[in-house]
Structure formats: C-alpha cells, structure tokens
Amino acid sequence: MSTIRVRGLKKSFGNLEVLRGVDLDIGSGQVLCIVGPSGSGKSTLLRCINLLVMPDEGEIYLDSVALTNPHIRPEWVRQQIGMVFQSFNLFTHLNVKRNVMLALRHAKKVSRAVAEKTAVYQLTRVGLADKLDAFPAQLSGGQQQRVAIARALAMDPKAMLFDEPTSALDPESIHEVLAVMGRLAEEGMTMAVVTHEMGFAKEVADRVVFFDAGKILEEGSPAEIFDRAGHERTQSFMKKILR
Amino acid sequence: MGDERDSGSTGALPSAGSPPVPTVPGPAKAPVDLSALTPGAVRKPFNWAAASSPLYLGIGVACAVGLFFLLGALGEYSIPFILQTLPQGIGPVETSLEFTTFTFLLGFVGALGLGLVRAYPPRRDPTASRKRLRTRLSWLWRWPLYGFGSGYVAAVRGTPFLVQLYIVYYALIFTAPHFSYFGWDANYWAGFFALLLNTTGYQAEAIRGGFQSVDAGQVEGAKAVGMGRLQIFARITVPQTLRLITLPLTNEWISNFKTATILSVIGVFELFDWAHTNVALYDARPIEAFVMLAIFYLLVNVTLSRVMTYVERVRRIPGLGTPVQEIGMSKRLLGVGGRPAPKMGDAAPDVAPPADNPTQA
Numbered sequence: 014m015s016t017i018r019v020r021g022l023k024k025s026f027g028n029l030e031v032l033r034g035v036d037l038d039i040g041s042g043q044v045l046c047i048v049g050p051s052g053s054g055k056s057t058l059l060r061c062i063n064l065l066v067m068p069d070e071g072e073i074y075l076d077s078v079a080l081t082n083p084h085i086r087p088e089w090v091r092q093q094i095g096m097v098f099q100s101f102n103l104f105t106h107l108n109v110k111r112n113v114m115l116a117l118r119h120a121k122k123v124s125r126a127v128a129e130k131t132a133v134y135q136l137t138r139v140g141l142a143d144k145l146d147a148f149p150a151q152l153s154g155g156q157q158q159r160v161a162i163a164r165a166l167a168m169d170p171k172a173m174l175f176d177e178p179t180s181a182l183d184p185e186s187i188h189e190v191l192a193v194m195g196r197l198a199e200e201g202m203t204m205a206v207v208t209h210e211m212g213f214a215k216e217v218a219d220r221v222v223f224f225d226a227g228k229i230l231e232e233g234s235p236a237e238i239f240d241r242a243g244h245e246r247t248q249s250f251m252k253k254i255l256r
Numbered sequence: 008m009g010d011e012r013d014s015g016s017t018g019a020l021p022s023a024g025s026p027p028v029p030t031v032p033g034p035a036k037a038p039v040d041l042s043a044l045t046p047g048a049v050r051k052p053f054n055w056a057a058a059s060s061p062l063y064l065g066i067g068v069a070c071a072v073g074l075f076f077l078l079g080a081l082g083e084y085s086i087p088f089i090l091q092t093l094p095q096g097i098g099p100v101e102t103s104l105e106f107t108t109f110t111f112l113l114g115f116v117g118a119l120g121l122g123l124v125r126a127y128p129p130r131r132d133p134t135a136s137r138k139r140l141r142t143r144l145s146w147l148w149r150w151p152l153y154g155f156g157s158g159y160v161a162a163v164r165g166t167p168f169l170v171q172l173y174i175v176y177y178a179l180i181f182t183a184p185h186f187s188y189f190g191w192d193a194n195y196w197a198g199f200f201a202l203l204l205n206t207t208g209y210q211a212e213a214i215r216g217g218f219q220s221v222d223a224g225q226v227e228g229a230k231a232v233g234m235g236r237l238q239i240f241a242r243i244t245v246p247q248t249l250r251l252i253t254l255p256l257t258n259e260w261i262s263n264f265k266t267a268t269i270l271s272v273i274g275v276f277e278l279f280d281w282a283h284t285n286v287a288l289y290d291a292r293p294i295e296a297f298v299m300l301a302i303f304y305l306l307v308n309v310t311l312s313r314v315m316t317y318v319e320r321v322r323r324i325p326g327l328g329t330p331v332q333e334i335g336m337s338k339r340l341l342g343v344g345g346r347p348a349p350k351m352g353d354a355a356p357d358v359a360p361p362a363d364n365p366t367q368a
C-alpha cells in the first residue's frame, strides 16, 4: 500500500476559503480518521486528494508522485485512490454486478470475463454474492454502501477515501458497513475516513485529526484526541458528540 | 391529470349533516373520535379526484364519440360521407408521418450535440493554471459554440413556425429553384428543412433538460472510479438521459406532427392540405373535412402517447425517474379491463394499517 502526503493545501470556492493550508501524512497501511464540525472542509480535503476538486495551491503526493502536476491524468489518480461517498453514488441504471464491472471494463480495459470474475469476488467479500442482479434502488442503504466499497476495491486501489460512509444509514446498516471497513483496515489498506463514528475511530484508527475552519487544529492517537484533547475547541466538540 | 389528492374541505370534521363515525353494527368496533384528528386527515367516502385516469379517458372518449354521432344525427355533417371519404386520407397521412418522422429522427442527431453544448455552459475555472493546455484553452471553442447553440434555440423558439417556413421556402426557391431529389420538389424540401430546423431546436431543449437532470452524484461516482469524461458521458449520462426524456421527446414528436399541418401553405400535399383542398373546397364539405382531420390526428397521437407511456413503464429502471401507476395495457389503451388501479391506501402494503384505522372506517 501507499503513502499519501499533503502539503500546504488551499482551496477556495469564490470568496469562501474552505481549506487554509493543510499538511497531512498517511503512512502505508495506516488508517486516519478525520473529525470536525460540518462545513470545516473535511469532505473538500478528501475530494482534493483524488482530484475530484482541483486544489488552488499546495501539493499532494501518492508515494513519490505529485498528483497536482498537470501532466498527471486525474483518471489515473482516481484509479489509484478509491473513494466511497455518503450518498453511495451507485449507477442507478445498472445492476449491482455491472456497477462494479463498468470501470474495470472501460477505465482499466479489462476483458469482460476478468471483470465479471473480479466483480463477483469483490461482491462476495462484502457479503453480497446473492444480490448480483439487483438494482441499487432495490437494496438497503447498508447494502448499497457495501456495493460502493466493492466497486472501489475492484479497481485495486492503493489507498481508500471514505467520506462519511455511514452518515446516511440506519444503525443496523452502519454496523455492517463498519465491519467491512474494519476488515479492510486489518488487511493493511491505507485509509482516510471522515466520520462521526467514534467507536470505529477509537478501535480502528491509527491517528485522528480534528479539523476546524479549513485547518487541522489537533492531531494524535484516538485516545489523545477523544479523551485528552489539548484545544478548547476540540474539547467542546468531543463533549457534544460523545454525549 | 392534476392533483390526485383530496384538496377539498378544510372545514372542521365531522362535516355537517353526517355523524362523525358510521356506527357499524357488530362487536369489537370501538368508536373512533374523529374530531380529535386534524381537519383533512380523513378521506371522504368517494373521492372523484382520486379515481383512475383511465376512467376519465373512457368517459372522455365516450363523450367525444357520442357527440360525434349526435352532431351527425342532427344533420351537422354526414357520417356516411365521412366513413366513405376517410380511406382517401391514408396517402396524405403517410406523407405527414414521413415528414414528421424523418425530420424528427434527423433532428434528434443534431439535437444531441446542441443539447450537449447547451447543458454544460463554459465556466471560468480558477484552477485552470493547474490543468493541461487543452483544458486551459477550451474557452476558445466552447464560448462560441455555446453562444451559437443558445442563439439557435432562442431563434427557433422565439419565432412562429410559419415565419421560419417562409424564410426557408423563399431562400431555397431563390437560390435553387430546381432542387429536386427522391421525387420531392423544392417546396417539399423547403418544408422538410424548415421542419427539421424547428424540431432540432425543440428537441435540443428536451435533451438539455435530460442531461441536466442526471444526478451529479452519478457522474461523481463514475469519476471516482477513474472513468474518463467521454466514457462517463457514453456509459452514464446518455443511458440515463434517454430514459428520462422518453416522454418529453414523445411530446415533441406529437408537436412536430401537428406543426406539419403548416407545410400546406407552401403546397405540400399532406394531411391538412388534403382535407382543406380536396374535401373542404372541392367536395364542398368543410365540416366533414375538418372532423375527419381531427379523427386522424387523434388516432395517431392518442395511440402513440398511450403506447409510449406503456413502454416507459415496462422499460423503467427502479430508482430512475418517477414511478407511474401500475396499469395493464388494455386499461391504458381503452380505459377498461386489466388490473384495478391501486388505491392510495395500498401504496405501502408491507405496513399493515392499525386495526382501528379511522380512515378505513
């Protein structure tokens, strides 16, 4: 697995400064959890890392490759770094198997047979081998999110980004999605997870960063951030969500 | 069909004159205090507004057919003459259908490009300096293209078809008076081109709407797995758009079919010209002529729209677009037979209504 380094990242939308100089390191096989109030720029940070949003200033490195170099194809970057969204974003008009196969077939140019095998394998890993022919709208939220994870994993990414993957789910579904993510972490995937699931962060994360107003306010082990936060702002936030 | 819900009385329940709860004889039916509910919570006994649309179609067709025969019986026009002359219209209706369908299909190809240009207006990109030269310079061709597309659509939608037709007609007659191919003379071709230009503009708007109503999350999901812009367009945007615009495009075909009547003014012998020249003037039967015309147009348009609604329903993909009522083909076409239309209370069959549900009383 790969390392991700972020240096001096800045992004504005019009007059709104969303990211105001972010430095971040995710080691190989590390799980980083990003917590913070809404609107603090967590999602934008993740989107910048796989170039869904082009940063205004600053650099992002995957291992030693500067992703912000104009000569690097964003499509290549996104094949290296998988992403899972809060709203799943599965292709509505394709069934589950073809959702997973599509990018393999057309972005990676893999043969149909291999793509199909990979799709079935990844869907089996997330426990959805019996849903291959279902359409996304026929699945529960948790199942849809697991399909989305399988779709990202099928591209054989070197790192994974999770943007509030459980925020749109009911408690039962949250558990099944977190279980899949936990297993992925155990297998040594490099992961950056924006989440409010403190249980997951405490159990799985190697490091936690607290994000506020476009900057990293505090950074440390889960215990340090959740229980012994140095900053007043962090403390008051933790008090609210850990209640 | 308008609002299916009872938007009627906002007055307090129980309504005057009737007892709040019909006293059902028999045991174990606890009376429900309806006055405790918010006004408007309880459905009225029979709700005309919630009746099925095929019922109204059936009533409408029955009224129209009845009126047709009534007026015939009153001597307004001669029904035997209509039945006798109707077959003569088959040739002209074919001409009309040819004009409509050929211009529609050819226009669709152009409208795909035009709709694409209009759907994604060029924007200033503050991060352009971090992108490839080609992307940085794309405004050079995107702005003119967008300007042309918008101007074209505005021109087509902002002027009457009659005016467009005369412009094309005289332009062609003056520049190439002997323009004649496939057995069509210059005036036919002028009509063809005018109709083509017109339907292209309108279809482009329908297609633009389709492109823009594809959920941004779909494109984002495809980007996130590393698909390129063209791949996303071909594999995600277009397939979803085609399903979303089936009915708007059906509308446009029908509109195109009706607009084709205007070609009669430049001497194209299509359905309207047949009815007007041959029947209304030559046979001196104007009322019969235009009643027949109405019959032809209704037959084609109602059938087509009913079939397309059916096609859209059976080709529907769960979660894409708005679900339509589950109605069988015979019911959709004729308004009778088939499965009964679902009542509103049946919408969620997996949730059993509570035993003392007041709305079921």
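So the sequences go chain by chain: Z and S. Just so we're aligned, residue 14 is where the first sequence starts under the numbering used here, counting upward by one. Just so we're aligned, residue 8 is where the second sequence starts under the numbering used here, counting upward by one. Cβ atoms here follow ideal geometry from the backbone N, Cα and C, with glycine treated the same way.
Nearest residue (CA-CA) to residue i, options the options
i	options	result
Thr92 (chain S)	S:Phe297, S:Ala135, S:Arg323 and S:Ala201	S:Phe297
Gln238 (chain S)	Z:Gly27, Z:Ala120, Z:Pro149 and Z:Val193	Z:Ala120
Tyr127 (chain S)	S:Gly154, S:Ser136 and S:Thr207	S:Gly154
Ala163 (chain Z)	Z:Val78, Z:Ile229, Z:Phe98 and Z:Met211	Z:Phe98
Leu78 (chain S)	S:Glu295, S:Val307, S:Tyr317 and S:Leu305	S:Glu295
Gly40 (chain Z)	Z:Thr208, Z:Ile17 and Z:Val133	Z:Ile17
Val127 (chain Z)	Z:Thr247, Z:Arg138 and Z:Met114	Z:Met114
Gln95 (chain S)	S:Asp290, S:Phe115, S:Pro151 and S:Leu113	S:Asp290
Val160 (chain Z)	Z:Ala198, Z:Phe104, Z:Lys228 and Z:Asn63	Z:Phe104
Pro178 (chain Z)	Z:Leu197, Z:Leu117, Z:Met96 and Z:His106	Z:Met96
Pro149 (chain Z)	Z:Asp76, Z:Asn112, Z:Met173 and Z:Gln135	Z:Asn112
Asp372 (chain S)	S:Phe303, S:Gln247, S:Arg236 and S:Val100	Coverage of chain S is limited to positions 8 through 368, which leaves residue 372 (chain S) absent and any answer about it impossible.
Ala236 (chain Z)	Z:Leu230, Z:Ser249, Z:Glu216 and Z:Thr81	Z:Glu216
Phe224 (chain Z)	Z:His84, Z:Leu64 and Z:Leu45	Z:Leu45
Val100 (chain S)	S:Ala301, S:Leu113 and S:Leu140	S:Ala301
Ser262 (chain S)	S:Ser187, S:Ile180 and S:Leu202	S:Leu202
Val318 (chain S)	S:Trp281, S:Ser187, S:Leu251 and S:Pro184	S:Leu251
Thr182 (chain S)	S:Trp150, S:Ala193, S:Leu104 and S:Arg125	S:Ala193
Phe276 (chain S)	S:Leu104, S:Thr316, S:Gly73 and S:Phe88	S:Leu104
Leu182 (chain Z)	Z:Asp146, Z:Met211, Z:Ala79 and Z:Ser100	Z:Ser100
Three-state secondary structure assigned by DSSP to residue i
i	result
Glu232 (chain Z)	strand
Gly73 (chain S)	helix
Arg130 (chain S)	coil
Tyr84 (chain S)	coil
Arg346 (chain S)	Residue confidence for Arg346 (chain S) is low, a pLDDT of 48 falling below 50, so the modelled location carries little weight; the figure read from the coordinates is stated next. Coil at Arg346 (chain S), not helix or strand.
Arg86 (chain Z)	coil
Lys24 (chain Z)	strand
Ala218 (chain Z)	coil
Asp36 (chain Z)	strand
Leu45 (chain Z)	strand
Phe250 (chain Z)	helix
Ala172 (chain Z)	strand
Met96 (chain Z)	strand
Pro99 (chain S)	helix
Ala242 (chain Z)	coil
Phe224 (chain Z)	strand
Leu64 (chain Z)	coil
Interface residues of chain S facing residue i [CB-CB closer than 7 Å]
i	result
Arg164 (chain Z)	Val232
Thr81 (chain Z)	Arg137
Met96 (chain Z)	Ala231
Asn102 (chain Z)	Gly224, Gln225, Glu227 and Gly228
Residue i: CB within 7 Å of a non-hydrogen atom of the ligand ADP
i	result
Arg164 (chain Z)	Of the ligands one can find in the structure shown there are none, so the ligand ADP has no counterpart to examine.
Cross-chain neighbours of residue i in chain Z, by beta carbon under 8 Å
i	result
Arg250 (chain S)	His106
Under 8 Å from the C-beta of residue i: neighbouring residues of chain S
i	result
Ala120 (chain Z)	Val232, Gly233, Met234, Gly235 and Gln238
Chain S contact residues for residue i, given Cβ-Cβ distances below 9 Å
i	result
Arg91 (chain Z)	Lys230, Ala231, Val232, Gly233 and Met234
What residues in the region 226–247 of chain S bring their beta carbon closer than 8 Å to a beta carbon of chain Z?
Glu227, Gly228, Ala229, Lys230, Ala231, Val232, Gly233, Met234, Gly235, Gln238, Arg242, Ile243, Pro246 and Gln247
If you measure beta-carbon to beta-carbon, which residues of the region 117–148 of chain S are closer than 7 Å to chain Z?
Pro133, Thr134, Arg137, Lys138 and Arg139
Which residues, in order along the region 45–73 of chain Z, keep a beta-carbon less than 8 Å from a beta-carbon of chain S?
Asn63, Leu65, Met67, Pro68 and Asp69
Taking beta-carbon pairs under 9 Å, can you tell me which members of the region 309–327 of chain S lie near chain Z?
Ile324, Pro325, Gly326 and Leu327
At least three beta-carbon pairs within less than 8 Å, the region 63–77 of chain Z to the region 21–31 of chain Z
A contact is defined here as three or more CB-CB pairs under 8 Å, and the region 63–77 of chain Z meets this definition with respect to the region 21–31 of chain Z.
For the region 167–178 of chain Z, enumerate the residues whose C-beta is nearer than 7 Å to any C-beta of chain S, in chain order.
Of all residues in the region 167–178 of chain Z, Met168 have a Cβ within less than 7 Å of some Cβ in chain S.
Contact set between the region 137–155 of chain Z and chain S, restricted to residues whose Cβ is under 7 Å from the partner
Phe148, Pro149, Ala150 and Gln151
Please identify, using Cβ separations under 7 Å, the residues of the region 198–214 of chain Z that lie next to chain S, in order along the chain.
none
Quick check: the region 184–204 of chain S against the region 256–273 of chain S, are at least 3 beta-carbon pairs closer than 8 Å?
Judged by Cβ distances under 8 Å, the region 256–273 of chain S makes contact with the region 184–204 of chain S, as three or more pairs qualify.
Can you find at least 3 beta carbon pairs, one from the region 199–216 of chain S and one from the region 162–176 of chain S, that sit closer than 8 Å?
With a cut-off of 8 Å on Cβ pairs, the region 199–216 of chain S is in contact with the region 162–176 of chain S, counting three or more such pairs.
Just checking, does the region 78–90 of chain Z make contact with the region 140–154 of chain Z on the three C-beta pairs under 8 Å criterion?
no
Output needed in chain order: residues of the region 25–37 of chain Z with a Cβ under 7 Å from some Cβ in chain S.
none
Does the region 44–59 of chain Z come into contact with the region 201–218 of chain Z, if we say contact requires no fewer than three beta-carbon pairs (one atom in each stretch) closer than 8 Å?
Yes, the region 44–59 of chain Z touches the region 201–218 of chain Z.
Taking contact to mean at least 3 C-beta pairs separated by less than 8 Å, is the region 137–152 of chain S in contact with the region 75–89 of chain Z?
yes
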